[in-house]
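To start, the structure itself, in structure tokens.
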Amino acid sequence: MQKILLFLIYLFVSFEVKSDDNSHWDLVTIGKEDRGKWYITDVMKLGNEIHYWLLQNNTDGTSDILKESINCKTEKLTKFQFMSFSKHFGEGEVRELMFYDEIKKSGNSVSYVGPKDTITRFYYNYVCKQK
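Here is the structure:
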């Protein structure tokens, strides 16, 4: 029963995030040394945190989509969901899917925004300046 519920959640999230029209993704930064492009969409403030979807188009043609939040005061970054796809903009086959409990077990659920000129600083500045 739990697997069915997770699958239904996955389908809901997939249909909401995926689209043939990629114009809803805002380009935030382009990585140095050919490290890909980062996009953000669906920025929403909930209490002291800003929630958003983050997309990384990798240089090998794959992409990763994450559901994250940032606390603009403490600069704490929390990852809730991670999906990896075989094509850009979340298209193609799902290569990996992780929800919060799995991310937490891996030790990667919580981090802090990096210093100037890091990718996390670019999207921190983007979402925290919006709200």
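First residue of the sequence shown? That's 2 in our numbering, and the numbers climb one at a time after it. Don't be surprised by glycine CBs; every beta carbon is placed ideally from N, CA and C.
query                                                                                                                                                                      : result
Which partner residues does residue 54 have in the DSSP bridge list?                                                                                                       : 42, 68
Assign residue 121 to one of three DSSP states: helix, strand, or coil.                                                                                                    : helix
Assuming residue 27 is part of the beta strand (DSSP E), what are its boundary residues?                                                                                   : 27 to 31
Within 10 Å of its beta-carbon, does residue 18 have 16 or more other beta-carbons around it, so buried, or fewer, so exposed?                                             : Note on residue 18: pLDDT 49, under 50, position unreliable in the model; the coordinate value appears next. The residue in question, residue 18, is buried, as its Cβ has 16 or more Cβ neighbours within 10 Å.
Compute the Euclidean distance between the alpha carbons of residue 44 and residue 128, then round it to the nearest angstrom.                                             : 7 Å
Assuming residue 97 is part of the beta strand (DSSP E), what are its boundary residues?                                                                                   : 95 to 100
Which residues in the same chain as residue 126 place their Cβ atom closer than 6 Å to its Cβ, once the five residues preceding and following it in sequence are excluded? : none
Can you tell me whether DSSP reads residue 85 as helix, strand or coil?                                                                                                    : strand
Consider the C-beta atom of residue 47 and the heavy atoms of the ligand SAH; say whether any pair is separated by less than 8 Å.                                          : As far as ligands go, the structure on display features none, and thus does not contain the ligand SAH.
Using the rule of at least 16 other Cβ atoms within 10 Å of the residue's Cβ for burial, across every protein chain shown, is residue 94 buried or exposed?                : exposed
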